[in-house]
Amino acid sequence: MAVLSAKHGNKTENSDDHICSRLRRYTEPKVIIQNETYLEPYTAWCVNIPPTCTYYRIATRVINNTIEIPKFRTIYECCEGYEKREEKCSAVCEIECVHGKCVKPNTCVCEDGWQGFNCSSECEDGWYGEDCKMYCTCQHGATCDKRNGSCHCAPGFAGKFCESACPYQSEGKNCENECKCKNGGECNLTNGTCDCRPGYIGKQCEKQCQEGSYGKDCKGLCACNDLSTVFCSHTDGKCMCVPGWEGDSCFKKCGLNTWGLHCDNKCECPHNAVCDHITGECSCRPGWHGSKCEEKCSVGYFGNDCKMRCPDCMFLPGTCHHVSGWCSCPAGARGSNCDLECPENTYGENCENECICVNNSTCDSVTGNCTCAQGWIGQDCSMPCPKGFYGLNCSFACNCTENYACDAVDGTCACDDEFLDVLCINDFNQSTEFNSNVNGSPPLSDSMTFIIAACVFLGLFLLIFFAVYVTKKMKRSSLSLRKEETSTTNVVQECGSPSISSYRFMNPNYDSTEAMETINMDSIDMPSVMNNLSDMNDETFEFGGEEFGIPDCEKASSLMKSNIEVLSDKETSRKNTKCEAVSATEFSSTSTAVVHVEPEDRSLEDNSIYAEVEYGS
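Numbered according to the numbering used here, the sequence shown spans residues 1 to 617.
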C-alpha cells in the first residue's frame with residue numbers, strides 16, 4: 001500500500017507497483033439542532049379604539065441548521081506515466097517498443113539482438129546481445145546469431161567459432177560426413193586411432209583444449225589478459241582480443257584515434273572530444289560540452305559533462321578551472337585555495353609556464369623575469385659579462401692591466417707568473433677589495449696606483465739623501481765650533497772676567513717659577529740649529545719677539561741668572577777697559593731655551609764662556 005501524505009495534495013509512490021496515493025477533499029452536510037430566541041407578537045386589551053393593542057415578547061424555539069464539514073479521503077491511482085492494465089500499473093511509451101518492453105515512461109528495454117529508441121533496429125553485422133554491445137567472433141565466413149552470438153559455420157568448417165576446417169575427405173555442414181577422427185585428426189589406418197591436431201584431444205579428437213591451454217596435447221599455457229580477451233586460440237595460443245584492445249596478450253588499448261576489433265577503425269571525433277576505444281563513440285573531454293565539444297563549461301562548473309560545481313575559491317569565488325576544478329589563481333600562486341607558491345622554475349597563471357633562467361639566477365614567479373647573478377646578463381642570464389666589466393648587471397668596469405684576466409663576478413685580477421704588476425700583488429688586491437666593500441667604490445685606477453708607488457719610492461730616496469746630508473753637515477759644524485770657542489775664550493779673558501764656559505742670558509721679565517727646558521745635543525735638530533746660527537747677524541738673537549741688549553759685563557750680577565745656555569760665535573771687544581756685548585738677543589717672556597754644547601774634549605770646559613747678567617730694577 002502507498003504511504004499517505006499528511007498534507008493535502010501531496011503524493012506518495014509505491015516504487016514496486018507504481019501506485020501513487022493522494023488526498024482528495026470533499027464536504028459532508030451535518031444537521032445541527034439549536035435554540036433560537038425571537039420576538040413573539042400578542043394582543044391585549046388597552047385603552048384604544050379598537051380596545052386591543054399588539055405587544056411583543058421574547059420567546060424560544062428549536063431550529064435545525066445544516067452545515068458543510070470538509071473532509072479528506074485517500075485516492076489510489078497509477079503514477080504519472082503509468083496506466084492501469086490488467087489490474088496493474090504499466091509504463092506508457094508514446095512510441096511502441098517493437099522488439100522490447102516499455103519499463104519506464106518512454107523508455108524501452110530491447111530484446112537481445114535489437115537496438116534503437118523503440119527497439120526497431122537489428123544489431124549491425126558483427127555485433128550481438130543486449131544493446132548490441134557484444135562483438136561476434138565467428139570465423140571463416142560464418143554467420144553470427146545476433147541474439148546469443150552463436151556461430152553458424154559455412155560448409156567445410158566446424159568448431160565453436162568455426163575456426164577449424166573439416167578433416168581430409170570430409171564434407172557437409174559441421175563436417176558431419178567425416179571419418180571418426182574429428183577436428184582434423186588423421187585416422188591411423190593400421191590401428192584406427194586418431195592423430196589429433198594441435199588444440200584437440202580425445203580418442204577421436206573430439207575435445208578442444210580447455211580454456212587457458214593450447215597446442216599439441218594441450219600442453220601450452222595461454223598468457224592472455226582475461227579482462228580484454230575473447231578467447232585464447234587452442235591451436236597456437238594466440239589471444240583473440242575484444243574490440244578496443246590489441247597486442248599479443250591483449251594488454252594494450254587501441255592507440256590514439258583508433259577503435260574496434262584489431263583497432264582497425266579510425267576515430268572521427270571533433271577537437272576536445274575523445275573516442276571510445278571499443279565502440280568508437282565520441283564524448284567530450286572533461287571541461288567541455290556542446291554538440292561538437294566546442295564550448296567550455298559555464299562559469300562555476302567543471303569536469304565530465306560540466307556537472308560538478310566549483311569549490312569556494314579564495315580570490316575569485318565561484319570560478320575554477322573548467323577541467324580540473326582548481327581555483328583560478330593569480331599569476332605566481334597555485335593550489336585549491338591559491339595558498340601555495342609556484343614550484344621552483346615555474347611561473348605565471350596556475351604555474352603552467354617554465355622558467356628559462358640559468359646560471360643560478362632567480363625567476364620571478366609572477367612574470368618569469370630573470371634576476372641574474374653577478375657576472376651574468378641577458379634575458380635568461382646565459383651571457384657572461386663583456387670583457388672589461390664585472391659585478392651585478394655587469395655595471396662595474398674592470399681595473400686590471402693588459403695581459404691580466406678580470407673575474408666577471410667580483411672584478412679581481414688573476415695574476416700571470418710571466419708578468420709582474422702592482423695590481424697583481426695579492427695583498428694589494430685584498431686591500432683594494434676591502435676598501436671597495438667598505439666604501440662601496442670600485443678599486444683604484446691604474447694611474448692612481450702608479451702615483452702612490454712612485455711617491456713611496458721617491459720618499460725613501462729623499463730620506464736617505466737627507467740623512468747623508470745631515471751627517472756631513474754635523475761633521476763640518478763640529479770643527480767650526482772648536483775654532484770659534486778658542487777665539488771667543490781669548491777675547492773674554494782679555495777683559496779680566498773670570499773664566500766661564502758659556503754665555504747665560506737672562507730675560508728681565510722671566511718668571512723663575514716656570515719650568516726650565518734643557519735641550520741636549522742628543523735631542524737637538526742639528527741641521528736647524530746650524531741654520532739658525534748661520535743666519536744670526538752681528539746685532540740680535542730672536543727668541544719670541546722681545547729684543548734686549550746685553551749690558552756691560554761689569555754691571556752683571558750673580559743674584560739672578562738665566563737658565564738659558566746659548567751658543568754664540570760672536571766676537572767681543574774691549575772698549576775703554578770695559579767688556580760690552582756687541583749683539584742683542586730676543587727671548588720669550590714665557591719660556592727659556594737652554595742650548596748646551598758638549599765639547600768633544602772635556603778639558604776645554606774651563607775655556608767655555610758664560611755671561612752672568614743681572615738686571616737692575
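Ideal placement from N, C-alpha and C gives every residue a C-beta, glycine not left out.
Could you tell me the boundaries of the beta strand (DSSP E) in which residue i lies?
i      : result
ARG24  : 19-45
LYS84  : 82-85
VAL274 : 273-275
ILE356 : From DSSP, ILE356 is part of no beta strand (DSSP E); its letter is neither H nor E.
GLU68  : 52-78
THR229 : 229-232
LYS88  : 88-91
VAL323 : Careful: VAL323 lies outside any beta strand (DSSP E) and carries neither H nor E.
THR137 : It is not in any beta strand (DSSP E) - THR137 carries neither H nor E in the DSSP assignment.
LYS104 : 100-104
THR107 : 107-110
SER283 : 282-284
CYS239 : 239-241
What's the C-alpha gap between residue i and residue j?
i      : j      : result
SER298 : ILE278 : 30 Å
ASP248 : GLU211 : 17 Å
ASN35  : CYS53  : 28 Å
GLU295 : CYS241 : 36 Å
ASP112 : ASN345 : 58 Å
ASN311 : GLY244 : Reading off the sequence shown, one finds Pro at residue 311, where the question assumed Asn. In a straight line, the C-alpha of PRO311 is about 36 Å away from that of GLY244.
CYS20  : THR27  : 23 Å
VAL47  : ILE58  : 24 Å
PRO51  : ARG61  : 30 Å
TYR214 : ALA142 : 23 Å
GLY202 : GLU124 : 38 Å
THR193 : GLN208 : 17 Å
SER573 : GLY459 : Note that SER573 has pLDDT 36, beneath the 50 cutoff, so the model's placement of it is unreliable and no number is given.
ALA397 : ALA414 : 15 Å
TYR76  : SER90  : 15 Å
TYR42  : ILE67  : 33 Å
PRO155 : LYS216 : 26 Å
SER121 : GLU130 : 13 Å
ILE69  : ARG22  : 20 Å
THR489 : PHE450 : With a pLDDT of only 42 at THR489, under the threshold of 50, the placement of this residue in the model should not be trusted, and no figure is reported.
ASN65  : ILE33  : 6 Å
ASN359 : PRO343 : 18 Å
GLU184 : LYS292 : According to the sequence provided, residue 184 is Gly. The question's Glu does not apply to it. Cα-Cα distance, rounded: 53 Å.
CYS254 : CYS269 : 15 Å
PRO29  : THR37  : 24 Å
CYS162 : THR319 : 59 Å
VAL409 : THR401 : 17 Å
ALA223 : CYS239 : 8 Å
Sort out for me which residues DSSP pairs residue i with in a bridge.
i      : result
ASP195 : GLU186
ASN295 : The sequence shown places Glu at residue 295, not Asn. DSSP, once it has assigned bridges, lists HIS289 as partnering GLU295.
HIS152 : THR143
THR401 : Beta-bridge pairing links THR401 to no other residue.
THR371 : THR362
MET308 : PHE302
LEU340 : ARG334
SER164 : ALA158
GLY384 : What sits at residue 384 in the sequence shown is Pro, not Gly. TRP376.
ALA414 : ALA405
Write down the C-beta distance between residue i and residue j rounded to the nearest angstrom, noting that I regard them as a contact closer than 8 Å.
i      : j      : result
GLY100 : VAL109 : 5 Å
HIS18  : CYS79  : 5 Å
ASN148 : TYR128 : 7 Å
CYS357 : CYS351 : Going by Cβ atoms, the distance from CYS357 to CYS351 rounds to 15 Å, so no, they are not a contact pair.
GLN379 : CYS370 : 7 Å
CYS327 : CYS338 : 5 Å
TYR55  : ALA44  : 6 Å
Between the Cα of residue i and the Cα atoms of the options, which residue gives the shortest distance?
i      : options                        : result
ALA333 : SER324, GLY348, CYS136         : GLY348
CYS93  : ASN118, ASN183, GLU124, HIS262 : ASN118
HIS234 : THR471, LYS219, GLY303, THR362 : LYS219
SER395 : ALA405, TYR42, ILE377, TYR404  : ILE377
ASN353 : THR367, ASN64, PHE231, SER121  : THR367
GLY280 : TYR42, LEU261, LYS387          : LEU261
GLN139 : CYS132, LYS146, LYS133, GLY126 : GLY126
CYS97  : TYR82, TRP114, GLU86, LYS88    : TRP114
ASP305 : CYS313, ALA331, ASN272, GLY388 : ASN272
THR74  : ALA44, ARG24, ILE63, ASP145    : ARG24
CYS205 : GLY375, ASN225, LYS180         : LYS180
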